[in-house]
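Notes follow the structure.
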Amino acid sequence: MKKDVLSVAIGGAIGTALRILLDIMLSLIFFSMSLVSIIVINAIGSFLLGFLVAGIWTRPKTPQWMKLAVGPGVLGGFTTFSGVMLQALLVQNPWATAGYLALSIGTSLFAALLGIWVGTPFAKKTAKRTTRKVAK
């Protein structure tokens, strides 16, 4: 229990630091357009989570503490739903707000599905290796 909580806490700190770093880098490229950086950050995090859930986490030898450290920890700290809500409130135009929310959520869902699609072959390779070892 303590190992799980500690791994999520450490992972969350790492993910938050990575998000801040990437947000600074993207704001230099997009001239402080945090609307764009939040969408990009959430899409990257959603893709990685989809990839991990579909592929690497299906491996039986992946420790639970590692799944917790990377999933809810690093990627939970990296992505930001509160940032999306804050930006949506700052837009102050109902139609632009609805468009921003739809774009942000749609982009993240698409990225997660893409991550699952890309990660699935890794799960199949692992299943084949495990089956071969059991058969021998």
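Quick note: the sequence shown, position 63, residue 69 per our numbering, numbers continuous. Note that the Cβ used here is the ideal one computed from N, Cα and C, for glycine as well.
Within its chain, find whatever has a CB closer than 6 angstroms to the CB of residue i; leave out the 5 residues flanking it on each side and keep chain order.
i, result
"VAL140", "Low confidence applies to VAL140: its pLDDT is 49, below 50, so where it sits in the model is not reliable, and the reading given next is rough at best. Nothing listed; no residue qualifies."
"GLY121", "PHE53, GLY56 and PHE57"
"GLY125", "PHE57, ALA60 and GLY61"
"ILE26", "none"
"TRP63", "LYS73"
What three-state label does DSSP hand residue i in the structure shown?
i, result
"MET7", "coil"
"PHE84", "helix"
"GLN98", "coil"
"PHE128", "helix"
"PHE36", "coil"
"ALA23", "helix"
"VAL140", "Any reading at VAL140 needs caution, since the residue's pLDDT is 49, under 50, leaving its predicted position unreliable; the model's value is listed next. Here VAL140 sits in helix by DSSP."
Among the residues of its own chain, which have a CB less than 8 angstroms from the CB of residue i, if the five just before and after it don't count?
i, result
"PRO127", "GLY61"
"LEU109", "ILE45"
Within a Cβ cutoff of 7 angstroms, which residues of the same chain sit near residue i, ignoring the five residues on either side of it in sequence?
i, result
"ALA49", "THR113, SER114 and ALA117"
"VAL14", "LEU74, ALA75, PRO78 and GLY79"
query: Which full runs of the alpha helix (DSSP H) of 4+ residues lie inside the stretch 52-76, going along the chain?
result: List check, alpha helix (DSSP H) in window: 70-74.
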